[in-house]
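A short write-up of the structure that comes next.
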Amino acid sequence: MTARFKLLRTTAFRLSLLYVLLFGGVSATALIYAYLSADALFSRQLRDAIAAEVAGLSDRYAEGGEDRLIETIAERSAAPGAALYLLIGADGARLAGNFRSVSPEVMQATGRVQFIYRRPGANGFEERMALVQVKSWPGGQRLIVGRDIEERRTLAEVMRGAFLACFAALTAAGVGVGLFVGRRLLQRIDDLSDESRAILGGDLRGRIPLRGGGDEIDRLTASLNGMFERIERLVASLREVSDNIAHDLRTPLNRLRNRAEAALHGADASQHRDALEAVIEEADDLIRTFDALLSIARLEAGEGGGRFALVNVADIVRNAADFYEPLAEANGLSIVIHAPDRADALGEPQLLAQAIANLIDNALKYGHGVVTLSVNLADGGIEVSVADRGPGVPEHERARAVKRFVRLEASRSKPGSGLGLSLAAAVASLHGGALRLEDNAPGLRAVLAIRAAGVEEAKAECGSSSG
Amino acid sequence: MRVLIIEDDEKTAGYLAKALRENGHAADVAHDGEAGVDLGAAGGYDVMIVDRMLPRLNGLDVIARLRDAGAKTPALILSALGTVDDKVQGLKAGGDDYLAKPFAISELIARVEALGRRAAPEEAASRYCVGDLVLDRLTHKVTRRGEPIPLQPREYRLLEYLMKHAGQVVTRTMLLENVWDYHFDPQTNVIDVHISRLRAKIDKQYDTPLLHTIRGAGYMIGDGAV
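These protein sequence lines are chains A and B, in that order. For the first sequence, the numbering used here begins at 1265 and goes up steadily by one. For the second sequence, the numbering used here begins at 1215 and goes up steadily by one.
If you want it as structure tokens, here you go:
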């Protein structure tokens, strides 16, 4: 498709054209109607005036015969104005009037006639339009009474010309504006497509600049940018998972292989057995890690939100505390809970429980003394915080600690995959929130913030479960 | 117990059948969905193991057809899809239990045996007895040798589940799912701590231990030798 053809097909251009046609049509109709009405009125007045004059002159003729008629006509012809008279005798001779000559067709006509006549003007003879009425008497005389309507004709022509000029200007302006707007729009849309193509074909971090001051194209651009952001995130998460698999799963796989090899070289049956058990344990760990990685990737891609239900987060926290309490006691710690009776959220209970369990698990691993679980209702949100009295995480390490497989120096000696916080963060973000790591002075406070269920959501949920 | 295995992968099916036979069960194998429906409809099985993805007719449809035909045989769904969503879908389709691949064979055997037991009528018993340990399901009282043992609600539910499956191996995952309703894997083995607490209450002061750890599999309550 050529550029020009594309321009003619833009919505802006088509709309302008349609507007021009519509506006032109309506104004033409209005003007023509006004002109015709005025013309009809004027013509009728003219015809009435001529008819009255003819009647008056007929009366004169009836009163005083031909002489009186000639006298009157001569008198009136002399007066200035647009009135035209011609009286012709029975023999065809001109008896009186200001008409020089009249073509025979006009003379032979009866009733009203419109024709062009010549009369002397500033630059010799000029042709003018006349409207006349012809009256004949039984004696053979013929009287022509009329008006010069040249002015009117000129006026009509001027008006027609003006109207045509206006219409042409309007059309030109409309088409011009249409083309301009269309081209501007087309230009921006073309830029938009070019830039998106460039982004998709190259660096996904690129964004299209907004430049319309918040117009509809800017809104479109903003949605496109949002899409790019999501694509970028998905691609990054995919890349991270494959990097993780490449780097972090190779090590345990290698360990597995070494153990199997050692089993092969084992001296007796009991050594074989031990080695094989170790191999199975290693494989189970790998499977667990793999599962965790997959579920994090799925959560980050926004999956798993299909079975959201109204859940009481406070109950989930209480159950998790109940679950971990023996472990805490065995490790010489205690768990304290501060939670309201209800803290409703729309969520996936298993995921929330898993995220909270991961946080408690961490706190029990690294903390000592008391682990405090609290559930707080903040405006529109629910915050579950798990605070320990352990060494904490230095501020500059906090962002990194949430990343997959990152195990801070202090934690390397403890068991764990390095995925617990990543999973909790992914769960939080799936629930419209985030995971924050804060200073518990001393210790670490992990805050899982999620969106609370609004009243409407809670109602809808109740309605759907009872219905 | 007679077990029907509906699994298209011949290696897996053969391995499952061998493991079941070694554990004293009879096993038949169907390699596609339609063959599975035919065998299952003929009846006589205590448990069926159904792979979710099968040629001709997928696992969920196999179960749905058998249920439509009136077969009540409990079904364990095997699947490579392990998310909670997939699990819920499988259980909704008429499965009685769900196990994601890859799995430990001890886990599968334990679950199959638990399912076979579930089909037996003694489920509704109002009290469970193992040796001199008695759990009264109406009063929620537990006694051993007639002496009352005070238990926390969670400990009671844990013991109840173990005693319901007395003589059978119960895995950690089964306990997590059935006692705590946790369908995920807590990183640390918290279950072991719960078990040792329970053991301290019901076994410590008595000569005969009833709650046994089965290495590489899970736990079992019973008064016989392990």
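Every residue, glycine too, gets a C-beta built ideally from N, C-alpha and C.
Judging by CA-CA distance, which residue of the options is the nearest neighbour of residue i?
i: residue 1642 of chain A; options: A:1314, A:1359 and A:1714; result: A:1714
i: residue 1633 of chain A; options: A:1594, A:1294, A:1646 and A:1440; result: A:1594
i: residue 1416 of chain A; options: A:1406, A:1408, A:1393 and A:1571; result: A:1393
i: residue 1561 of chain A; options: A:1501, A:1534 and A:1576; result: A:1501
i: residue 1602 of chain A; options: A:1647, A:1621, A:1631 and A:1325; result: A:1647
i: residue 1605 of chain A; options: A:1503, A:1624, A:1457 and A:1639; result: A:1639
i: residue 1461 of chain A; options: A:1476, A:1478, A:1489 and A:1479; result: A:1489
i: residue 1456 of chain A; options: A:1439, A:1475, A:1438 and A:1629; result: A:1475
i: residue 1286 of chain A; options: A:1356, A:1413 and A:1434; result: A:1434
i: residue 1298 of chain B; options: A:1559, A:1523 and A:1664; result: A:1559
i: residue 1699 of chain A; options: A:1623, A:1658, A:1295 and A:1612; result: A:1623
i: residue 1310 of chain A; options: A:1326, A:1377, A:1279 and A:1323; result: A:1377
i: residue 1301 of chain B; options: A:1691, A:1614 and A:1666; result: A:1614
i: residue 1332 of chain A; options: A:1399, A:1712 and A:1360; result: A:1360
Any Cβ of chain A within less than 8 Å of the Cβ of residue i?
i: residue 1316 of chain B; result: yes
i: residue 1402 of chain B; result: yes
i: residue 1407 of chain B; result: yes
i: residue 1397 of chain B; result: yes
i: residue 1304 of chain B; result: no
i: residue 1276 of chain B; result: no
i: residue 1325 of chain B; result: no
i: residue 1386 of chain B; result: no
i: residue 1411 of chain B; result: yes
Please tell me whether residue i has its Cβ less than 8 Å away from any Cβ of chain B.
i: residue 1731 of chain A; result: Its pLDDT being 33, under 50, residue 1731 of chain A is placed unreliably by the model, and nothing is read from it.
i: residue 1590 of chain A; result: yes
i: residue 1716 of chain A; result: no
i: residue 1587 of chain A; result: yes
i: residue 1646 of chain A; result: no
i: residue 1576 of chain A; result: no
i: residue 1525 of chain A; result: no
i: residue 1541 of chain A; result: yes
i: residue 1519 of chain A; result: no
i: residue 1571 of chain A; result: yes
i: residue 1684 of chain A; result: yes
Please tell me whether residue i and residue j are closer than 8 Å, where the distance is taken between their beta carbons.
i: residue 1470 of chain A; j: residue 1481 of chain A; result: no
i: residue 1446 of chain B; j: residue 1385 of chain B; result: Nothing about residue 1446 of chain B can be read from this structure; chain B reaches only from 1215 to 1440.
i: residue 1287 of chain B; j: residue 1261 of chain B; result: yes
i: residue 1553 of chain A; j: residue 1513 of chain A; result: yes
i: residue 1321 of chain A; j: residue 1410 of chain A; result: no
i: residue 1247 of chain B; j: residue 1270 of chain B; result: yes
i: residue 1274 of chain B; j: residue 1266 of chain B; result: yes
i: residue 1445 of chain A; j: residue 1578 of chain A; result: no
i: residue 1436 of chain B; j: residue 1344 of chain B; result: yes
i: residue 1690 of chain A; j: residue 1635 of chain A; result: no
i: residue 1341 of chain B; j: residue 1369 of chain B; result: no
i: residue 1318 of chain A; j: residue 1405 of chain A; result: no
i: residue 1717 of chain A; j: residue 1484 of chain A; result: no
i: residue 1557 of chain A; j: residue 1499 of chain A; result: no
i: residue 1290 of chain A; j: residue 1439 of chain A; result: no
(request) Note down, one range per segment and in chain order, each alpha helix (DSSP H) of at least 4 residues found wholly within the segment 1589-1654 of chain A. (result) 1613-1630
(message) As an exercise, report each continuous beta strand (DSSP E) stretch of at least 3 residues that is fully enclosed by the segment 1281-1366 of chain B, in chain order.
(response) 1289-1293, 1311-1314, 1341-1344, 1347-1350 and 1355-1358
(request) Quick one: which residues of the segment 1366-1382 of chain B get their C-beta closer than 8 Å to a C-beta of chain A? List them in chain order. (result) 1368
(request) Using a Cβ-Cβ cut-off of less than 7 Å, give me the residues of the segment 1595-1618 of chain A that come near chain B, in sequence order. (result) 1614, 1617 and 1618
(message) Please give the ranges of any beta strand (DSSP E) in the segment 1350-1408 of chain A, keeping only runs that are unbroken, at least 3 residues long and fully inside the region.
(response) 1358-1361, 1375-1385 and 1388-1400
(request) Closer than 8 Å, Cβ to Cβ, to anything on chain A: give me those residues from the segment 1279-1311 of chain B, in chain order. (result) 1296, 1297, 1298, 1299 and 1302
(message) Which residues of the segment 1414-1440 of chain B have a Cβ closer than 8 Å to any Cβ of chain A? Give them in chain order.
(response) 1430
(request) Check each residue of the segment 1549-1567 of chain A: if its Cβ is closer than 9 Å to any Cβ of chain B, include it; give the result in chain order. (result) 1551, 1552, 1555, 1556, 1558, 1559, 1562 and 1567
(message) By the 8 Å beta-carbon criterion, what residues does the segment 1617-1640 of chain A contribute toward chain B?
(response) 1617, 1618, 1621, 1622, 1625, 1628 and 1629
(message) Beta carbons nearer than 7 Å to chain B: which residues of the segment 1445-1474 of chain A have them?
(response) none
(request) May I have a chain-ordered list of the beta strand (DSSP E) segments no shorter than 3 residues that lie completely inside the segment 1379-1420 of chain B? (result) none
(message) Quick check for students: name the residue ranges of the alpha helix (DSSP H) that lie wholly in the segment 1478-1521 of chain A, counting only runs of 4 or more.
(response) 1480-1512
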